[in-house]
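Following this note's numbering, the numbering of the sequence shown begins with 415 at its first residue and continues without gaps.
What follows is a single structure, written as structure tokens, with notes after it.
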Amino acid sequence: MDWLIGAAAVLFVLCLLAAATPITVTLHIQYRQQKQDIHVTVTIWHVFYKTIHLPLLELDEETGSILAREKTESSMGKGEERKVKETPEEMKSQWDSMQMWLGHINHLRPLLFRFLHTWKIKKFRWNTRFGTGDAAWTGFISGMAWTVKQTAGGLLSAVMKMTCRPDVSVSPEFQRRKFESEFLCMVTVRAGHAIITGIRVVKHVRGDVFALWKKSRDERRREEAS
């Protein structure tokens, strides 16, 4: 009997530890001198991490495919590098599948919004420096850029909890052509919130998940056959 109580106590502690586990997601995008860098990092307990780095995106003019060189780094093992190719047909198929799933879970929006409201934005930086070579156009686009950034920041603060002071700037260059931009957003969430939301989602859609997956698979096969 004692071992059963001990096992239950250990299981309870592990559940509490899992629920309290902080997960941090960082998106960092830089564009300078016609080169872009995209980093996505997921960190657990500020110790274990995995980073996906997309340093190069190219367009294949013959096929219209997007080519990327993807690098991954992890605290648990060696990093790896591979080439990724997305054809227009694959992107369309993925978009159609996403639209189908989003349409199916439309009634879960309140649940998903409640989940997003548990996310905390720890860092938010979006700085842009640009010039078109024409002072009038530069001034006009500068005003539009400020509007877009303020709207995006307002939407994020409405959906998530903004716990930092946003660093947002637009620096126009009136005398030359130039474009540089940096975007960084770091958000954190407790694993417990994600687990509870996942259970609720499964509870709401469990009767239709297989049917929806089968429908998506059948449509993909029809597209491949045609």
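The beta-carbon is built from N, C-alpha and C at its ideal position, and this holds for glycine as well.
Everything numeric in this text was worked out from a predicted model, so none of it was measured.
Environment of residue i [buried if 16+ CB atoms lie within 10 Å]
i           : result
residue 585 : exposed
residue 538 : buried
residue 459 : exposed
residue 603 : buried
residue 545 : buried
residue 524 : exposed
residue 436 : exposed
residue 461 : exposed
residue 556 : buried
residue 601 : buried
Beta-carbon proximity check, residue i vs residue j, cutoff 9 Å
i           : j           : result
residue 597 : residue 441 : yes
residue 509 : residue 574 : no
residue 392 : residue 484 : Given that the chain is displayed from residue 415 to residue 640, the structure contains no residue 392 and the question cannot be resolved.
residue 576 : residue 567 : yes
residue 617 : residue 578 : no
residue 583 : residue 542 : yes
residue 445 : residue 594 : yes
residue 487 : residue 501 : no
residue 550 : residue 433 : no
residue 516 : residue 615 : no
residue 611 : residue 526 : yes
residue 607 : residue 554 : no
residue 540 : residue 563 : yes
Residue i in three-state terms, based on DSSP
i           : result
residue 484 : strand
residue 424 : helix
residue 548 : coil
residue 540 : strand
residue 524 : helix
residue 502 : helix
residue 531 : coil
residue 574 : coil
Residue interval of the beta strand (DSSP E) (run including residue i)
i           : result
residue 446 : 436–446
residue 489 : Note, residue 489: premise wrong, no beta strand (DSSP E); not H, not E.
residue 604 : 591–604
residue 457 : 449–458
residue 586 : 581–586
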